[in-house]
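**Q** Protein chains in written order, with this note's numbering: chain A, 152 to 274; chain B, 2 to 508. Got a structure for you, written out below as structure tokens; questions coming shortly.
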Amino acid sequence: MADRVGLTPEAADLLRRLRDQHGPLMFHQSGGCCDGSAPMCYPDGEFRTGGSDVRLGELDVDGQPVPFWMSESQYEYWKHTHLTVDVVPGRGSGFSLEAPEGVRFLIRSRLLTDAELTELGEL
Amino acid sequence: MTTYAAPGTDGSVVSYESRYDHYIGGEYVPPAKGQYFENPTPITGQTFTEIARGTADDVEKALDAAHGAAPGWGKTAPAERADVLNKIADRMEENLEKLAVAECYENGKAVRETLAADIPLAIDHFRYFAGAIRAQEGSLSEVDDNTIAYHFHEPLGVVGQIIPWNFPILMATWKLAPALAAGNAVVLKPAEQTPASIHLLMSLIGDLIPPGVINVVNGFGVEAGKPLASNKRVRKVAFTGETTTGRLIMQYASENLIPVTLELGGKSPNIFFADVADQQDAFYDKALEGFTMFALNQGEVCTCPSRALIQSTIYDRFMDDVTARTQAIKQGNPLDTETTMGAQASNDQLEKILSYLDIGKQEGAKIRTGGERADLGGDLSGGYYVQPTIFEGDNKMRIFQEEIFGPVVSVTRFEDYADAMKIANDTLYGLGAGVWSRNGTTAYRAGREIQAGRVWVNNYHAYPAHAAFGGYKQSGIGRENHKMMLDHYQQTKNLLVSYSDDPLGFF
Numbered sequence: 152m153a154d155r156v157g158l159t160p161e162a163a164d165l166l167r168r169l170r171d172q173h174g175p176l177m178f179h180q181s182g183g184c185c186d187g188s189a190p191m192c193y194p195d196g197e198f199r200t201g202g203s204d205v206r207l208g209e210l211d212v213d214g215q216p217v218p219f220w221m222s223e224s225q226y227e228y229w230k231h232t233h234l235t236v237d238v239v240p241g242r243g244s245g246f247s248l249e250a251p252e253g254v255r256f257l258i259r260s261r262l263l264t265d266a267e268l269t270e271l272g273e274l
Numbered sequence: 002m003t004t005y006a007a008p009g010t011d012g013s014v015v016s017y018e019s020r021y022d023h024y025i026g027g028e029y030v031p032p033a034k035g036q037y038f039e040n041p042t043p044i045t046g047q048t049f050t051e052i053a054r055g056t057a058d059d060v061e062k063a064l065d066a067a068h069g070a071a072p073g074w075g076k077t078a079p080a081e082r083a084d085v086l087n088k089i090a091d092r093m094e095e096n097l098e099k100l101a102v103a104e105c106y107e108n109g110k111a112v113r114e115t116l117a118a119d120i121p122l123a124i125d126h127f128r129y130f131a132g133a134i135r136a137q138e139g140s141l142s143e144v145d146d147n148t149i150a151y152h153f154h155e156p157l158g159v160v161g162q163i164i165p166w167n168f169p170i171l172m173a174t175w176k177l178a179p180a181l182a183a184g185n186a187v188v189l190k191p192a193e194q195t196p197a198s199i200h201l202l203m204s205l206i207g208d209l210i211p212p213g214v215i216n217v218v219n220g221f222g223v224e225a226g227k228p229l230a231s232n233k234r235v236r237k238v239a240f241t242g243e244t245t246t247g248r249l250i251m252q253y254a255s256e257n258l259i260p261v262t263l264e265l266g267g268k269s270p271n272i273f274f275a276d277v278a279d280q281q282d283a284f285y286d287k288a289l290e291g292f293t294m295f296a297l298n299q300g301e302v303c304t305c306p307s308r309a310l311i312q313s314t315i316y317d318r319f320m321d322d323v324t325a326r327t328q329a330i331k332q333g334n335p336l337d338t339e340t341t342m343g344a345q346a347s348n349d350q351l352e353k354i355l356s357y358l359d360i361g362k363q364e365g366a367k368i369r370t371g372g373e374r375a376d377l378g379g380d381l382s383g384g385y386y387v388q389p390t391i392f393e394g395d396n397k398m399r400i401f402q403e404e405i406f407g408p409v410v411s412v413t414r415f416e417d418y419a420d421a422m423k424i425a426n427d428t429l430y431g432l433g434a435g436v437w438s439r440n441g442t443t444a445y446r447a448g449r450e451i452q453a454g455r456v457w458v459n460n461y462h463a464y465p466a467h468a469a470f471g472g473y474k475q476s477g478i479g480r481e482n483h484k485m486m487l488d489h490y491q492q493t494k495n496l497l498v499s500y501s502d503d504p505l506g507f508f
């Protein structure tokens, strides 16, 4: 089954650790400068999504979902791509939960295939 | 030609301390939890100092100090505050080389830029707001013969400021100078990527400022930034960064009913109309340089001209010329004054840029030059370097729509004026733009039609104080770099006075 967003095993490990510390989690994809274009990880509900956001999917971490959100306007420019949440050493800014661990979530992208686009439709 | 010795080594003009605590109430205070984090230089990836890892307790302590200082500072005469700002500027000028080398080392940018731009601009910024606060006047309204409304500017009190890592000292100055001029006390959180250079600045200017007026709390966003941004005891939050954190800060501010100013980045178009190539003269040369400004500060500028729009009739020739100009960029040790482009500020920033080079290629954009990580050899192999990169593609591609924050420009062509405006405005953001034309009418019309807060006409990347800077659309709220920023750090007190002795007759 096709999906719009996935995660690497390293990112899944990090999400497990963060969930142990902070409880259920969520992502909101940022845009703009500095640490923009980075996925921000928060305790679920910390960031209030609304009518201007779309939910791209849920990351499955041991059966517990981590919803992945993006603003609707940004999604218009991203909708032809598949996103994979990865993690790299670094020092992210913003209020994302992983920064004190010395690592940073990172989005890797690929084009969705025609078959995937047909299956997924638009949000 | 000079290559500065790394701070702390033999012959260096400046040294960092081996550790920095928080700067609270005019003195250094260890973090409540006793934890520190390492601060590497992007030049080599090696750690050069460690920094207090602040938490909510430290933020509260800094707010205590700020609240202690704010009433007195807010009542000082404008002339006295202006005098402090001027003295800060003078002290920075006396230590310009030290500050420039220190900031280069912490951020990775080329020292030629910190010497010629970052630090001189910061100095001038303090002087500008020293002048602006002296010249500011309240107003009065004569409602009728007996009734006068007086309007006074009063400070907000204690404000929180969250600083980005791309210009650690200049961006701190953009926020500190108007806040202090207006009579506020500040709790400032530097970016965790560049936490030390602001402390070096405080070590030079701390004695000029009453204790508690400037407090610096370091740490990670989630541990120190959030307790500051969501705090009930700040009357305003200023933030430079990106959209998701900007929204989160507005959300916290809504809980406390306080104002925010936000600067959240862009994807700025740099538009070259055909007439720039009418002559091969100094102006044409300036336009080629204007294109190449995408590499200033390694592209780590919110207004990076990261989309270049070039009119079809000159496209091939112009691209040949700007490609040659881009290939002439000299990458090397940022401490060498001959180096024209330095290191990206952090490893995750490097990784993000590489991920965009990847998706750009996948989307079919053509690489004109660059497109890879750069290995500069020796000690620099551990640093974070990217080749200056020119992509050619279509404005719908993600590399045309997202701020890569690296030395990467995405180029497309346009047919006519209407086409140029359509492409330029097809973006979520509206922070900066560039328009290049020998025709004053074309330049004026384009400048007005582009939905951005700053449009450079026949220049780019100039940031003089006295020219308002801020975003349209999703690029933010507020205008820095101009006396109008004083309004964002003040509230209006209206004294409505009756000079009549007669009762109204209602009761």
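Where a beta carbon is used, it is the ideal one built from N, C-alpha and C, also for glycine.
In this structure, how does DSSP classify Q215/A when only helix, strand and coil are distinguished?
**A** Three-state DSSP puts Q215/A in a strand.
**Q** Could you pull the DSSP bridge partners for H23/B from this structure?
**A** V30/B
**Q** Taking only the alpha-carbon atoms, compute the straight-line gap between P389/B and V217/B and give it to the nearest angstrom.
**A** 35 Å
**Q** With 8 Å set as the bound, which would you pick, yes or no: does the beta-carbon of D213/A sit closer than that to a beta-carbon of chain B?
**A** So, not an interface residue.
**Q** Is H200/B helix, strand or coil by DSSP?
**A** In the three-state reduction of the DSSP assignment, H200/B falls in the helix class.
**Q** For C105/B, name the three-state secondary structure that DSSP assigns.
**A** helix
**Q** Using a Cβ-Cβ cut-off of 8 Å, state whether C105/B counts as contacting chain A.
**A** no
**Q** Helix, strand or coil: how does DSSP classify S411/B here?
**A** strand
**Q** What is the C-beta distance between L229/B and V235/B, in whole angstroms, given that I count them as a contact (C-beta under 8 Å)?
**A** Contact holds; Cβ gap of about 7 Å.
**Q** Which residues, taken in chain order from the stretch 220 to 231 of chain B, show a beta carbon closer than 9 Å to some beta carbon of chain A?
**A** G220, F221, G222, V223, E224, G226, K227, A230
**Q** Check the Cβ of N426/B against every Cβ in chain A and list those closer than 8 Å, keeping chain order.
**A** Correct list: empty, because the minimum Cβ distance to chain A is about 14 Å.
**Q** Within 10 angstroms of its Cβ, does R82/B collect 16 or more other Cβ (buried), or is it exposed?
**A** buried
**Q** Does any residue of chain A have a CB that is nearer than 8 Å to the CB of Q475/B?
**A** For Q475/B, the answer is yes, since a Cβ of chain A falls inside 8 Å of its Cβ.
**Q** Would you mind telling me which residues of chain B sit closer than 7 Å to D186/A, beta carbon to beta carbon, in chain order?
**A** Going along chain B in sequence order, the residues near D186/A (Cβ under 7 Å) are G242, E243.
**Q** Can you tell me where the beta strand (DSSP E) holding Y253/B begins and where it ends?
**A** Unbroken run through Y253/B is the alpha helix (DSSP H), 244 to 257; no beta strand (DSSP E).
**Q** Select from E51/B, R128/B, N147/B, H126/B the residue whose C-alpha is nearest the C-alpha of L505/B.
**A** For the set E51/B, R128/B, N147/B, H126/B, the Cα lying nearest the Cα of L505/B is the one of N147/B.
**Q** Check the Cβ-Cβ distances between L158/A and every residue of chain B, and say whether any is below 8 Å.
**A** no
**Q** In the structure shown, what three-state DSSP assignment does R455/B receive?
**A** strand
**Q** Based on DSSP bridge pairs, tell me the residues matched to K190/B.
**A** I163/B
**Q** How long is the line joining the alpha carbons of L141/B and G26/B, rounded to whole angstroms?
**A** Each residue's alpha carbon lies about 37 Å from the other.
**Q** For A192/B and G184/B, I'd like the C-alpha separation in whole angstroms.
**A** Rounded to whole angstroms, A192/B and G184/B show a C-alpha spacing of 24 Å.
**Q** What does W166/B touch in chain A if you count any residue whose Cβ is under 8 Å from its own?
**A** C185, S244
**Q** The alpha helix (DSSP H) spanning E352/B covers which residue range?
**A** For E352/B, the enclosing alpha helix (DSSP H) has its first and last residue at 348 to 363.
**Q** Does DSSP put T10/B in a helix, a strand or coil?
**A** coil
**Q** With a threshold of 6 Å on Cβ separation, who are the neighbours of F240/B within its own chain once the five nearest residues in sequence on each side are excluded?
**A** I163, I250, L263
**Q** Are the Cβ atoms of E404/B and G291/B separated by less than 8 Å?
**A** no
**Q** Which residue comes first and which comes last in the beta strand (DSSP E) that contains I215/B?
**A** 215 to 217
**Q** Which of the three DSSP states, helix, strand or coil, is assigned to L487/B?
**A** Helix at L487/B.
**Q** So, helix, strand or coil for R480/B, using DSSP?
**A** coil
**Q** Determine the contact status of T56/B and Y17/B, defining contact as a CB-CB distance below 8 Å.
**A** no
**Q** Mind listing the chain B neighbours of A250/A? Cutoff is C-beta to C-beta under 9 Å, in chain order.
**A** E193, F221, G222, V223, E224
**Q** Buried or exposed, going by whether 16 or more other CB atoms sit within 10 Å of the CB of F470/B?
**A** Counting Cβ neighbours within 10 Å, F470/B comes out buried, since at least 16 surround it.
**Q** Are any of the Cβ atoms in chain A nearer than 8 Å to that of R374/B?
**A** no
**Q** Do I330/B and A296/B come within 8 Å of each other at the CB atom, strictly closer than that value?
**A** yes
**Q** Would you identify the three-state DSSP class for H462/B, choosing helix, strand or coil?
**A** coil
**Q** Is there a Cβ from chain B that is less than 8 Å from the Cβ of A189/A?
**A** yes
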